[in-house]
Each structure stands twice: as structure tokens, then as C-alpha cells.
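Chemist: Counting in the working numbering, the sequence shown runs from 60 upward without gaps.
Glycine is no exception: its CB is placed at the ideal position from the N, C-alpha and C atoms.
Okay, handing you the structure first.
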Amino acid sequence: MKVGHWTYPVLFYKKQLTLDHLIATYKKPMVSIINGAVMGGGAGLSMNTTFRIIFAMPEASIGLFPDVGANYFLSRLPGYFGEYLGLTGARLHGAEIAACGLATHFVPSMKLNLLENALQAVTSSNVSTIATLIETFSEKANVDEDNHFSRLEAINKCFSKGTVEDIIQTLVMGMDSEVEVVFVENDFMVKVVIRKYDFTK
Numbered sequence: 060m061k062v063g064h065w066t067y068p069v070l071f072y073k074k075q076l077t078l079d080h081l082i083a084t085y086k087k088p089m090v091s092i093i094n095g096a097v098m099g100g101g102a103g104l105s106m107n108t109t110f111r112i113i114f115a116m117p118e119a120s121i122g123l124f125p126d127v128g129a130n131y132f133l134s135r136l137p138g139y140f141g142e143y144l145g146l147t148g149a150r151l152h153g154a155e156i157a158a159c160g161l162a163t164h165f166v167p168s169m170k171l172n173l174l175e176n177a178l179q180a181v182t183s184s185n186v187s188t189i190a191t192l193i194e195t196f197s198e199k200a201n202v203d204e205d206n207h208f209s210r211l212e213a214i215n216k217c218f219s220k221g222t223v224e225d226i227i228q229t230l231v232m233g234m235d236s237e238v239e240v241v242f243v244e245n246d247f248m249v250k251v252v253i254r255k256y257d258f259t260k
């Protein structure tokens, strides 16, 4: 992007969000197979497909609010887990993504190539047919005790507070110091994110 040309980022985001909307409203089933880190715009693309695996939203930690429809799909997660992800930029792994409901299936990395080959051979666009195929490669998502989603009870206690200040105070009293740093550095963006969730819940 050229420095000083505000029209470039406007055009970029217009195209990106138009593509997100196209994927979200597309009639044929779509599959996101992602082996590795997926952040921001990549999450917006993949979360709108019929079948999906893996992502992270880093915008809160770099001073931006989660966009590309993130407030929609994050606000529908169990408890206040979506607020936690959106406000902290916490990274999730495949098993956690499946456990919290963002992914429809958990497929280990070693099986992804086999899954891709099987999907390429499918001639039907029937959702049930594709789901059955993916299920032959998927496994139960076993979440370790030391991860974000396993702390859902504590997360609900902290992120159910009505204001950023109350959330921070609760975190200071007994949660993660890394989460605390994100809040201190981007207090305004955190308030923007909370306001967006108010509109979607």
C-alpha cells in the first residue's frame, strides 16, 4: 500500500469483506482445511465455510478490533469464551478449536493430505455426503488440561463483567499475567470489542 493513500486500505477491506460475504452465503458446501496458523482475515474466510478447522484472532494484541465477522462467530461460543478470544488474541490449537465449536471436525495434520485427496474425488455437493467423508478422517478432540478452553469456568467469571475495568480487576486477582498485559496496552480497542459483542448477543 502506498503511504498516505487512504483509498488503498479501503479498497482492500471492501474486497476482503465482499469475499467473506460471498463465502458465507454460497450455496454449495465449502471445506476449509488449514494446517498451521490462521489469523485475522484467514479466520474470517475459513469460519464462514460449511466445514472448518483452526484459527487465532491477533488483532486485540496489535491494537485493532477483531473484524471480518469475528464478533458474529465468537459471540456464539460457550459462555464468555468468544469475548476472551476477541479481547486477548489468545491462540488456539486444533483440538481446542473443535472442542469449543469453532471447528466442525478435528483432523490431525498427518491425515490432511489424505483428506484432501478424498475430497477431490467427491462428485457430490451433498452436505451429508461430504460430512460423512470428513468423519472417516476426523478424531475426537482431546483437550489438554493446560489450555484456554479447559479454563472456561474461570474465563466466564472474569469476562462476564460489564466493563473493561472490572474484567481487568478480576484478572489481576487471579488469572493470567499475559492476558493482563494485552488489556493494559490496548485498553481502547478492548472497549470497542466489548461494545461489538453487545450488538451481536
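1. Under 8 Å, with one C-beta from each stretch per pair, do the segment 168 to 178 and the segment 216 to 224 reach the 3-pair mark?
2. With a 10 Å radius around its C-beta and 16 neighbouring C-beta atoms as the bar for buried, classify residue 212 as buried or exposed.
3. On a Cα-Cα basis, can you pick out the residue from 194, 220, 87 and 96 that is closest to residue 174?
4. For residue 196, tell me which candidate among 216, 136 and 171 has the shortest Cα-Cα distance.
5. Do the CB positions of residue 158 and residue 202 come within less than 8 Å of each other?
6. What whole-angstrom Cβ distance do residue 110 and residue 164 have, given they're in contact under 8 Å?
7. Let me check understanding here. Comparing Cα to Cα, which of 143, 105, 102 and 71 lies closest to residue 216?
8. Report the option in 162, 183, 83 and 67 whose CA atom is closest to the CA atom of residue 199.
9. Look at the alpha carbon of residue 207 and the alpha carbon of residue 145, and state the distance between them as a whole number of angstroms.
10. Taking Cβ positions, are residue 100 and residue 75 nearer each other than 8 Å?
11. From residue 70 to residue 77, what does the alpha carbon distance come to, in whole angstroms?
12. Return the residue from the list 230, 106 and 133 that minimises the CA-CA distance to residue 82.
13. For residue 186, count the other beta carbons within 10 Å of its own beta carbon; 16 or more makes it buried, fewer makes it exposed. Which is it?
14. When you compare the CB positions of residue 189 and residue 88, do they come within less than 8 Å of one another, or not?
15. Judging by CA-CA distance, which residue of 147, 160 and 228 is the nearest neighbour of residue 136?
16. Going by alpha carbons, who is nearest to residue 98 out of 130, 150, 86 and 134?
Modeler: Looking at the atomic coordinates:
1. Segments in contact, no.
2. The residue in question, residue 212, is exposed, as its Cβ has fewer than 16 Cβ neighbours within 10 Å.
3. 194
4. Checked all of 216, 136 and 171; the closest Cα to residue 196 is 171.
5. yes
6. Yes, they are in contact, since the Cβ atoms of residue 110 and residue 164 sit about 6 Å apart, within 8 Å.
7. Distances from the alpha-carbon of residue 216 to those of 143, 105, 102 and 71 put 143 closest.
8. 162
9. Their backbone Cα atoms lie some 13 Å apart in a straight line.
10. yes
11. 10 Å
12. For the residues 230, 106 and 133, the minimum Cα distance to residue 82 belongs to 106.
13. exposed
14. yes
15. 160
16. 150
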